[in-house]
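Each position in the sequence shown, counted from 1, maps to that position plus 191 in this note's numbering. The beta-carbon is built from N, C-alpha and C at its ideal position, and this holds for glycine as well.
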Amino acid sequence: MTIVKARITEQPKSLFDPMPEVWVTYEDGEEEKLFSYYPDEISFDASEFVGLTREQAMRLYTKKDIAYLRA
192 MTIVKARITE
202 QPKSLFDPMP
212 EVWVTYEDGE
222 EEKLFSYYPD
232 EISFDASEFV
242 GLTREQAMRL
252 YTKKDIAYLR
262 A
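Structure follows, in C-alpha cells:
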C-alpha cells in the first residue's frame with residue numbers, strides 16, 4: 192500500500208521533550224506511526240515519504256541511520 196500523506200511531529204525544544212515521530216496515511220485512509228528519531232542525528236521531510244510503501248519508508252530510515260553511524 193502506498194503512502195499518500197505524511198507528517199512529522201514537533202521537534203523537541205528541550206532535553207525532556209519527546210522525539211519527533213513520523214506518521215503516515217496510506218491510500219486506504221489508515222494512519223500509522225512508523226518511527227521516532229533523534230533529530231540531532233538524522234532528519235526527514237514529510238514529502239520524502241509520499242509515494243513510498245511502508246517497506247520503502249523503513250529502508251529510507253535505515254539508510255539515513257547507517258549514513259549517520261558511518262560519518
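Residue i lies in the alpha helix (DSSP H); which residues open and close that run?
i	result
Lys255	Arg245 to Arg261
For residue i and residue j, I'd like the C-alpha separation in whole angstroms.
i	j	result
Glu223	Tyr259	25 Å
Asp256	Ala262	10 Å
Asp208	Thr253	23 Å
Phe305	Lys204	Shown here, the chain extends from 192 to 262; a query on residue 305 therefore has no answer.
Ile194	Asp236	14 Å
Val215	Ala197	4 Å
Ser227	Ser234	11 Å
Thr200	Met210	8 Å
Asp231	Thr244	26 Å
May I ask which residues mark the beginning and end of the beta strand (DSSP E) holding residue i?
i	result
Phe235	Per DSSP, Phe235 belongs to no beta strand (DSSP E) and is neither H nor E.
Thr216	Glu212 to Tyr217
Lys196	Ile194 to Ile199
Leu225	Glu222 to Ser227
Mind checking residue i: buried by the 16 CB within 10 Å criterion, or exposed?
i	result
Tyr229	exposed
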